[in-house]
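K.L.:
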Amino acid sequence: MFNKENKLEKFKDAETIIGASIRVKGNFQGQGDIIIEGILEGSIKTEANLFIADGAKVVANIESKDSVINGEVRGNIKARGYLAIGGTARIFGDIQYTEISIEKGAIVNGNFTLLAEEHRRGDRKKTEEVEETEEGAE
Amino acid sequence: MHVYIYDEYLNNAKHNRAINRLEIRLTDLGLNGKIIRLGGIKNIKATIQNEIKLGAKTIIAVGNNQTINKIIGAIIDTEIYGDFQKKTLLGIVPIGDDNSIAESFGIRNIEDACNILLARRIEKIDLGLVGSYYFLNQASIQSLGTTIEIDDYTLEVMERGEVKIINLLSDTREKIKSNPHDGKLDILIRTRHRDQSIITVKNLRITNPDEKLIIDGVMGINTPAEISIMKDKVNVIVGKDRMFE
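So the protein sequences, as listed, match chains X and W. Sequential numbering of the first sequence, starting at 41, is according to my numbering. Sequential numbering of the second sequence, starting at -18, is according to my numbering.
As structure tokens, then:
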């Protein structure tokens, strides 16, 4: 988990760092942790964690495990794990999360969906279908 | 059999003392071998290839980064490469400037080099490839105006600084993880405002219309250039302190 101030501690061994002087265009994919401090236009997907720093500008759909957002994001965010939205974050897009924290000062314009709930509903639906099939068989 | 390849610039008298020191030390350690001086040789490739065909167990580059690259260039992607990879090791004795490759392997001077040759600790090392040129350490270029194309995305550097495409880290003080036998290259971009970017890739295309790409600090080539990595291509004798994870 991240600390209260949404700092970089967890990311000190990040596999990929996009510095403030870099502009990325296209579909960016990684296996390890990613830190974005610059500009990214396109999409980001990682199996691991994502940190978007204060000052970063991301125009992209995002998919990751845990995410910390302190910069600007224009696009949809899917955090399969924990999503921490910092006080400097500006998010314009829909958000899917499992756990979330939002710091005072953050701007978010979009819909929130709890991924875990969705999964639970999906699992319940499957169970009901199985029960119905079993009853039918009897 | 050891074959020592002395680079052409070692004919300069200022290196005589270093050469004498080397040869005395090699004799003391029982590491003598055949000496080939590139100064008088027109077809370097054929000469090096012939030594491997004759059964050289170790080819030792005596010189600098360029000497190592000449030897690698004479072997890789030729008909004798199979023999070289199975039977021959590459050793390095640094003399003079531009010896970042030797330093990467923990070989700081002639005495180190001789002791390391004796100990024969071997590492399989990847090779970077730029067009038809090979590199062990890195390729570098000025960052402003540089564009890097990787898989499905493009990086554009917007400030002055340096882009390094690293296979084998020459400066061990650098706090980045770079492994010369993971089959990957590390792109390190550092700009004037101490801003740092790191991306790990297998291949890329680099373009800067105003700057040359410098390979292992010795050779400049024009861009666009395709850069890729060849895994575990060379068996190098390295210092005991150089552990690559």
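Beta carbons are placed, not taken as given, at the ideal position from N, Cα and C, and that holds for glycine.
Does the Cβ-Cβ distance between ALA88/X and GLN71/X come in under 8 Å?
P.N.:
Yes; because the gap between Cβ atoms is below 8 Å, this pair is in contact.
K.L.:
Quick one: any contact between the segment 199 to 206 of chain W and the segment 76 to 93 of chain X, if contact means 3 or more CB pairs under 8 Å?
P.N.:
No: fewer than three Cβ pairs fall under 8 Å.
K.L.:
From the beta carbon of GLU155/W, is the nearest beta carbon of chain X less than 8 Å away?
P.N.:
With 8 Å as the cut-off, GLU155/W does not count as an interface residue toward chain X.
K.L.:
What residues match up with PRO75/W in a beta bridge as DSSP calls it?
P.N.:
GLY44/W.
K.L.:
Smallest Cα separation from ALA183/X: which of GLU77/X, SER83/X, ALA129/X, ILE79/X?
P.N.:
Shown here, chain X extends from 41 to 178; a query on residue 183/X therefore has no answer.
K.L.:
If contacts are defined as beta-carbon pairs under 8 Å, then GLN66/W and ASN160/W qualify, I think. What distance do you get, rounded to the angstrom?
P.N.:
Contact doesn't hold; Cβ gap of about 20 Å is too wide.
K.L.:
Would you please verify whether the beta carbon of ILE146/W is less than 8 Å from any beta carbon of chain X?
P.N.:
No, because no Cβ of chain X sits closer than 8 Å to the Cβ of ILE146/W.
K.L.:
For ASP163/X and ARG120/X, what's the separation of their Cα atoms in angstroms?
P.N.:
Only weak support exists for where ASP163/X lies, its pLDDT of 45 falling under 50; the value from the coordinates is given anyway. Their Cα atoms are separated by approximately 17 Å.
K.L.:
Counting C-beta neighbours from all protein chains within 10 Å, is the total for GLY115/X 16 or more, i.e. buried, or is it exposed?
P.N.:
Its Cβ being crowded by 16 or more others within 10 Å, GLY115/X is buried.
K.L.:
Using only CA atoms, which one of ARG175/W, ILE16/W, THR48/W, ASP9/W lies nearest to MET200/W?
P.N.:
Checked all of ARG175/W, ILE16/W, THR48/W, ASP9/W; the closest Cα to MET200/W is THR48/W.
K.L.:
Would you mind sorting LYS44/X into buried or exposed? The rule is 16 or more other CB atoms within 10 Å of its CB.
P.N.:
Reliability fails at LYS44/X, whose pLDDT of 47 lies under 50, so the model's placement of it is uncertain and the value that follows must be treated cautiously. Exposed: under 16 other Cβ atoms inside 10 Å.
K.L.:
Output yes if chain X places a C-beta closer than 8 Å to the C-beta of ILE179/W; else output no.
P.N.:
Answer yes: the Cβ-Cβ gap between ILE179/W and chain X drops below 8 Å somewhere.
K.L.:
Any residues in the segment 100 to 111 of chain X with a beta carbon nearer than 7 Å to a beta carbon of chain B? Which ones, in chain order?
P.N.:
The chain labelled as chain B is not found among the protein chains of the depicted structure, namely X and W.
K.L.:
Give me the Cα-Cα distance between THR181/W and LEU194/W, rounded to the nearest whole angstrom.
P.N.:
About 19 Å.
K.L.:
Ignore the nearest five residues each way along the sequence and tell me which others in ARG141/W's own chain have a CB closer than 6 Å to its CB.
P.N.:
Result list for ARG141/W: LEU125, ARG173, in chain order.
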